[in-house]
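Take a look at the structure set out below.
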Amino acid sequence: MLKRVHFGPSLLPFLLVAPQIAVTLVFFMWPAGQALYQSLLVEDMFGLSTEFVWFENFKDLFSDSYYLGAFKRTALFSFAVATMAMGIALVLAAMVDRIIRGVYVYRTLLIWPYAVAPVVAGALWVFMFDPTLGIFAYALNTIGYDWNHKLNGGEAMTLVVLAATWKQIAYNFLFFVAAIQSIPKPLIEAAAIDGAGPFKRFWTIIFPLITPTMFFLLVVNIVYAFFDTFGIIHAITQGGPYRATEILVYKVWYDGAVAIDLGSSAAQSVILMAIVIIMTVVQFRYIERKVEY
Amino acid sequence: MIENRPFVTILAHTALVLGVLLVAFPIWITFVAATHEAARMTQVPLPLWPGDQFFVNLKQVMLKGVGGENATPVWLMMANSLLMAMMIAVGKIAISLLSAFAIVYFRFPFRMGFFWMIFITLMLPVEVRIFPTFKVVADLGMLNSYWGMTIPLIASATATFMFRQVFLTIPDEMLEAARVDGAGPMRFFKDILIPLSRTNIAALFVIMFIYGWNQYLWPLLITTETGYFTVVMGIKQMLEAAEQAPDWHLIMMTALLAMLPPIVVVLSMQKMFVKGLTETEK
Amino acid sequence: MAKITLENVKKSYGKIDVIHGIDWEIRDGEFVVIVGPSGCGKSTLLRMIAGLESITSGDISIGDRVVNKLEPAERDIAMVFQNYALYPHMSVYKNMAYGLKIKKIPAYEIDRRVRDTAKLLEIEEYLDRQPRALSGGQRQRVAMGRAIVRQPSVFLFDEPLSNLDAKLRVQMRLEIKRLQENLGITSVYVTHDQVEAMTLGDRLAVLNAGYVEQLGTPIEIYERPETVFVAGFIGSPSMNLLAATISTDGTIAELAGGSKIALSQVQLPGQKVTFGIRPEHIKIGKTETSLSFTVAISELLGADTLVYGSLTGGTQLVIRLEGIRKLSEGEQLDIDFPHDLHHLFDGTSGKRL
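Read top to bottom, the protein sequences are chains Y, G and A.
For the first sequence, our numbering begins at 62 and goes up steadily by one.
For the second sequence, our numbering begins at 3 and goes up steadily by one.
For the third sequence, our numbering begins at 3 and goes up steadily by one.
Have a look at this one:
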């Protein structure tokens, strides 16, 4: 990973990495260390005294039904978002592979939600499903379904899943298209000569060959659902009604910023960090097979 | 395409059109809502076809903002967003180029240590270290400042890795030829490496600009003065402020404006964007 | 213009020695070719002269200056790389001007030099093009131009023709020779190609495993190889090298299969030797000393014919005959090894006897 030919020793390389390392130390390493440390402390209501309690905060969390609920909810949420976003994207990518004309147009029309901020996406969907005014709420009403995500937890969850999925389709779509296009054409042609029709070919040739991409995307989508959806939930439901959409990352923020329980919030941060680390390792194991480092 | 099966082609187009409708519909609705007057936006069912108030609403949000006398005008929020997005994108690219250059082209003590330290940032998204980071920024007196909004976000493992990959594919002879020509390290960096990486720089810029523009939780915490509000934060504030009777036509106009720059960047630099996306993740 | 002196130059990577103490003087204006199999250290040696590789011990001087610690740019050299190493984002003009610009040579002087060089190499019309818009041969010329424009005292060539097709290679070979003679600049040229080695150099250095096996004019090396390695490496098809033992009276070399070859000089009786004869030097015709050869296969190359076969006793041999000679499998020939054209090497050290 170092060039065979390189510059001799000097102070310069240290100066070159200095800005990146400074930012990393001050704004990444130190705060992460602080979070670790704080997760072992309990602070009283007014922040006057702190007490070192070892793993008390973690023990509390795992016996806290709200936290365990948030855990289950997050799992459900990310599973729903990942499967829907990947499923729809895969179908669209497979279809794009079938057509000759208009590929560019379709791609252009399909990718823009990627650029929309999560909060803005939340605003769009909350507007469309507004119980009194929303266009979809109205449509549901006309067929006799009374939509109100402000009161119904299941509906609230459905709405955040929809918004989060909508934003993520573009990303998955681009990766699936790239993966399908990288399959050698002669392979497909050989299957066609062997008499496999388009659907058979998709299931027996294309699908098995893109499983590495699927696995990679699965990890990326779960990470997305875990961390990047804060804005969506903050805009649509604020975790409500009655915590029905409170996922882990939202709870970290809520307990820290609103409930001011810093010890517990820090302990939750640490657990989230552990989750990210596991996912990154998994993701890199996948990459290692693909790329020579 | 291998055989001619009109049925499959038609099916494919149908599915794609449905997909496009699904994806584009929310954006269409946003646009439609932004073109009507307040009164129309309280009558059910809401319109599906644009009205004639587009420029009226545009002027209103841009100059006066949403939510009464003291509202922040959207042009100011847009300017803040632009500044923040540019600072984050340029900052990330600059410091990542420099560190990738050091790691690939120099042999020096702690080289791998630095590399792993940068790698670890990949595992620490801002969401999980939000309060301690906030405290650091507060202690450094960087609350309510553009520096506070951007610098804590500019470390980038992804960008560093991508540039490292790019540099590794540049033949060794480039450096040798440059050394025979008498170019020192910084001259080589400026005259050879940067020009050779410019497509990757552009691709990364698209990704990082969107990342920067769409930042929400971080500026929400760091800024309390309305003069620093970004448009993405503004939307949320408008939703909150108008919990009972939201001015949907104005909120949707703001949403439209908030989506516009990143969408324009993505669509106008589509090739770069796709390249950047699929390559940074490798 | 300058001479190059190498004094006990060594290179090792950790514990592995790749260049073993080379002593050398390359005269001012001389064209020296370093040839050897891949991995013999020839490129490393060239890059050490260029300053792209450090020297483990010893001294390299260019002119009267010891350059061991100098940066490549300070050594007054120019180098042509195997894959040309043109800067892909710069036009031909800028590629050629880049080094001069760094040296802070005035713009009008740069312009004059670039245009003169372009004229010399007949690449004037490409000056505004990017390297990717050029063919292999044109790129090669630009790489040469980038070296010439600097007016160095030494040219270094690292297998510059190996990426060209056969026809262009011949053309560029002649051109490099002509340019070097006209400019009179000391040049060191690394190649693994025998024809380039034989035709280009005033002197030739045959390198093997980090040692200089032989240094001399191409003809010296062809006619009097100092070691078995040089004998086998230079010449195509390569020299027949046969294991033999000297007879008790020292006048005959006995091959493994029992064939006897009369020698011109008396050798140490009982000594193990390697007997060498070039395929083109084997004579056909019955004489007192001739041996019987059985044809296995022959290749008709047009200008000459290569005959593969064996002596009685099974020793394999290649013979090169002029013109087209149709020989069939199993045919018997009487062959003879002329006294003045054979070579004898020590069986263990490989040194010429």
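Glycine is no exception: its CB is placed at the ideal position from the N, C-alpha and C atoms.
Write down the C-beta distance between residue i and residue j rounded to the nearest angstrom, noting that I regard them as a contact closer than 8 angstroms.
| i | j | result |
| --- | --- | --- |
| V268(G) | S83(G) | That belief does not hold up - the Cβ atoms of V268(G) and S83(G) are roughly 16 angstroms apart, past 8 angstroms. |
| L73(Y) | P187(G) | 6 angstroms |
| M274(G) | V168(G) | With 8 angstroms as the limit, M274(G) and V168(G) do not qualify as a contact, their Cβ atoms being about 14 angstroms apart. |
| M255(G) | A36(G) | 4 angstroms |
| L309(Y) | T135(Y) | 5 angstroms |
| G31(A) | G186(A) | 5 angstroms |
| M151(G) | P221(G) | 5 angstroms |
| P173(G) | A87(A) | 7 angstroms |
| Q62(G) | L259(G) | At roughly 12 angstroms, the Cβ-Cβ gap does not stay under 8 angstroms, so Q62(G) and L259(G) are not in contact. |
| H344(A) | G252(A) | No, H344(A) and G252(A) are not in contact; Cβ-Cβ is about 16 angstroms, not under 8 angstroms. |
| V319(Y) | S330(Y) | So it is not a contact: roughly 15 angstroms between Cβ atoms. |
| R143(A) | L123(A) | 5 angstroms |
| Q84(A) | E177(A) | With 8 angstroms as the limit, Q84(A) and E177(A) do not qualify as a contact, their Cβ atoms being about 17 angstroms apart. |
Identify every residue that forms a DSSP beta bridge with residue i.
| i | result |
| --- | --- |
| Y148(G) | DSSP output for Y148(G) lists no bridge partner at all. |
| A207(A) | I36(A) and L217(A) |
| E27(A) | T7(A) |
| S14(A) | D19(A) |
| R354(A) | F347(A) |
| L335(A) | F295(A) |
| K285(A) | D338(A) |
| V68(A) | S63(A) |
| E117(Y) | Answer is none; E117(Y) lacks a bridge partner. |
| G278(A) | L243(A) and H345(A) |
| E112(Y) | V103(Y) |
| F68(Y) | F108(G) |
What does residue i touch in chain Y if you count any residue whose Cβ is under 8 angstroms from its own?
| i | result |
| --- | --- |
| N82(G) | Neighbours of N82(G) on chain Y: none; closest Cβ ~14 angstroms, over 8 angstroms. |
| L48(G) | L194, G195, I196 and Y199 |
| A35(G) | F188 |
Listing by chain order, which chain Y residues have their CB less than 7 angstroms from the CB of residue i?
| i | result |
| --- | --- |
| K238(G) | V180, H295 and A296 |
Run through chain A and tell me which residues come within less than 8 angstroms of residue i, C-beta to C-beta.
| i | result |
| --- | --- |
| R181(G) | G53, L54, E73, P74 and A75 |
Output the boundary residues of the beta strand (DSSP E) element that contains residue i.
| i | result |
| --- | --- |
| M81(A) | I79 to V82 |
| L293(A) | L293 to L302 |
| Y310(A) | D306 to L313 |
Using a Cβ cut-off of 7 angstroms, pull out every chain G residue sitting near residue i, in sequence order please.
| i | result |
| --- | --- |
| Y175(Y) | V268 |
| H67(Y) | Y107, F108 and R109 |
For a contact defined as C-beta to C-beta under 9 angstroms, what are the partners of residue i on chain Y?
| i | result |
| --- | --- |
| R200(G) | Those within 9 angstroms of R200(G) in chain Y number zero; the least Cβ separation is about 19 angstroms. |
| W250(G) | F188, D191 and L194 |
Could you check where the alpha helix (DSSP H) with residue i kicks off and where it finishes?
| i | result |
| --- | --- |
| G236(G) | V233 to A243 |
| G322(A) | Position check: residue 322(A) holds Arg in this sequence, whereas Gly was assumed. Element bounds for R322(A): not the alpha helix (DSSP H) but the beta strand (DSSP E), Q318 to E324. |
| L206(G) | R200 to W215 |
| Y95(A) | V94 to I104 |
| S270(G) | W250 to S270 |
| G171(Y) | Residue 171(Y) is actually Leu in this sequence, not Gly. From DSSP, the alpha helix (DSSP H) with L171(Y) extends over V164 to I172. |
| S45(A) | K44 to A52 |
| S126(Y) | S126 to R159 |
Kindly examine the ligand MN and report whether one of its heavy atoms sits closer than 7 angstroms to the Cβ of residue i.
| i | result |
| --- | --- |
| M274(G) | Annotation note on the ligand MN: not contained in the displayed structure, which lists no ligands. |
Against residue i, what residues of chain G qualify as contacts under a CB-to-CB distance less than 9 angstroms, listed in chain order?
| i | result |
| --- | --- |
| W186(Y) | P28 |
| L102(Y) | Within chain G, no residue comes near L102(Y); the closest Cβ sits about 12 angstroms away, beyond 9 angstroms. |
| W227(Y) | L24, V25 and P28 |
| M81(A) | E178, A179 and V182 |
| Y191(A) | Those do not exist, as Y191(A) stays about 16 angstroms from chain G at its closest Cβ, beyond 9 angstroms. |
| V280(Y) | Those within 9 angstroms of V280(Y) in chain G number zero; the least Cβ separation is about 10 angstroms. |
| N70(A) | Those do not exist, as N70(A) stays about 16 angstroms from chain G at its closest Cβ, beyond 9 angstroms. |
At a CB-CB cut-off below 7 angstroms, which residues of chain A make contact with residue i?
| i | result |
| --- | --- |
| P221(G) | Near P221(G) there are no residues of chain A at all, since even the closest Cβ is about 38 angstroms away, more than 7 angstroms. |
| I194(G) | Y89 |
| P127(G) | The premise fails here: P127(G) is roughly 36 angstroms from chain A at the closest Cβ pair, so nothing lies under 7 angstroms. |
Which residues in chain G sit within 8 angstroms of residue i, going by Cβ to Cβ distance?
| i | result |
| --- | --- |
| I104(A) | D183, G184, A185 and R189 |
| R134(Y) | Within chain G, no residue comes near R134(Y); the closest Cβ sits about 16 angstroms away, beyond 8 angstroms. |
| A85(A) | Inspection of the sequence shows that residue 85(A) is occupied by Asn rather than by Ala. What N85(A) touches in chain G: P173 and E175. |
Below 9 angstroms on C-beta distance, what does residue i contact in chain A?
| i | result |
| --- | --- |
| I209(G) | Those do not exist, as I209(G) stays about 23 angstroms from chain A at its closest Cβ, beyond 9 angstroms. |
Quiz item: Which parts of the stretch 222-275 of chain A are runs of the alpha helix (DSSP H), unbroken and 4 residues or longer, counting only runs that do not cross its ends?
Solution: Fully enclosed alpha helix (DSSP H) runs of 4 or longer: 230-235.
Self-check item: Ordered list of alpha helix (DSSP H) runs contained in the stretch 319-352 of chain Y, each at least 4 residues
Solution: Correct list: 323-351.
Practice problem: Please go through the stretch 56-142 of chain G and give each complete beta strand (DSSP E) segment of 3 or more residues, from N-terminal end onward. | Solution: Listed in chain order, nothing qualifies, since the stretch 56-142 of chain G has no complete beta strand (DSSP E) run of 3 or more residues.
Quiz item: Quick one: complete alpha helix (DSSP H) runs, 4+ long, within the stretch 133-219 of chain A?
Solution: 138-150, 168-185 and 196-202, all fully within the stretch 133-219 of chain A.
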